[in-house]
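A short worksheet on the structure shown next.
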Amino acid sequence: MSEVDLFSTYSVFSYAAGIAGNLFAFVLFVSPIPTFRRIIRSQSTEQFSGLPYIYALLNCLICFWYGLPIVSPGVILVATVNSVGAIFQLIYITIFITYAEKPKKLKMLGLLLAVFGRICSHCFYQHRSF
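According to my numbering, the stretch in the sequence shown is residues 354 to 483, in order.
This is how it looks when you write it as structure tokens:
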């Protein structure tokens, strides 16, 4: 078996694993849907916490940045799945903020601004080093 055959076999398996990872991640991103149906139905966040969705958004945005071709060539699947994940998390956070009581609403808005501020500063700092 030549080196070219091994490289192409590696590429095929690597891409297949990336697609499988994207599918599993998508299932993970849609898993909070029953919780948010309950929030919308009751028009209250009850005792639910919004922190997991803030953390997930931060994680998706950091991984999205890492997956961009200008930052890490060859890992575009990381960027695609995390862009979808960030959209889901933003939708969840928007629903949570809409139905939360005022103190929770203010806390979530502050954390959301902190996440965007952190990501913007990270991207700006990283972009200057290119």
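Here a beta-carbon is modelled for each residue, glycine too, at the ideal position from N, C-alpha and C.
No experiment lies behind these values; they were computed from the predicted model shown.
So what does DSSP say about Gln442, is it helix, strand or coil? Looking at Gln442 - three-state DSSP - the assignment turns out to be helix.
Spatial neighbours of Arg394 within its chain, please: C-beta separation below 6 Å, excluding the five flanking residues on both sides. The beta carbon of Arg394 sits closer than 6 Å to no other beta carbon from its chain once the five residues preceding and following it are set aside.
Please name the residue, chosen from Gly463, Thr447 and Ile440, that lies closest to Ile392 on a Cα-to-Cα basis. Thr447
Three-state secondary structure assigned by DSSP to Ile450: helix
Have a look at Leu430 and Glu399 and give me their C-alpha separation to the nearest angstrom. 36 Å
What three-state label does DSSP hand Gly463 in the structure shown? helix
Taking the Cβ atom as the reference point for each residue, do Pro387 and Tyr445 lie within a distance shorter than 7 Å? Result no, Cβ atoms of Pro387 and Tyr445 do not sit closer than 7 Å.
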